[in-house]
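Counting in UniProt numbering, the sequence shown runs from 1 upward without gaps.
A virtual CB, placed ideally from N, CA and C, is assigned to each residue, including glycine.
To keep things clear, I will list the structure first and then write my remarks on it.
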Amino acid sequence: MIFIAVRYTLRPEAADNWPALIADFTAATRAEPGNLFFDWSRSVEDPCRYTLLEGFADEAAGAAHVRSAHFEKGLSVMAEAIAETPEIIHVPLPDRTGWDRMAELTPRT
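If you want it as structure tokens, here you go:
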């Protein structure tokens, strides 16, 4: 699995509309055969900061994503809304296929 985390800092005028701006990009990426997850979250401390957690089955799936037409279009849309260059962590995780369950916490019954 390839795990990617990207932090985006947006222009204030784009922050509230971000989910709508990237909706097509998000849907197209989630539909890719090698995509395992593609999850956005908004910071509770900074309304202009969003974090994207991505998982792809392998390097080939990640490369196909970056070569896709929706990736290029998505970058163009994002470039108009970001305030600075995003920060990224890109890590290969051999022998992984997704999320594990947290051992230290379970719901109360």
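Asked: Cβ separation of residue 4 and residue 88, assumed to be a contact under 8 Å, to the nearest whole Å; Found: 7 Å
Asked: Proximity to residue 39 [Cα-Cα], best of 32, 78, 26, 74; Found: 26
Asked: Nearest residue (CA-CA) to residue 97, options 54, 18, 76, 41; Found: 54
Asked: Which of helix, strand or coil DSSP assigns to residue 94; Found: coil
Asked: Meets three-Cβ-pair contact criterion under 8 Å: the stretch 78–88 and the stretch 33–47; Found: no
Asked: Anticipated Cβ contact below 8 Å, residue 49 with residue 11, distance rounded; Found: Contact flag wrong, Cβ pair sits at about 12 Å.
Asked: Endpoints, the beta strand (DSSP E) within which residue 6 is located; Found: 2–9
Asked: Any chain C beta carbon closer than 9 Å to residue 3; Found: Absence of chain C from the displayed structure is noted, only one protein chain being present.
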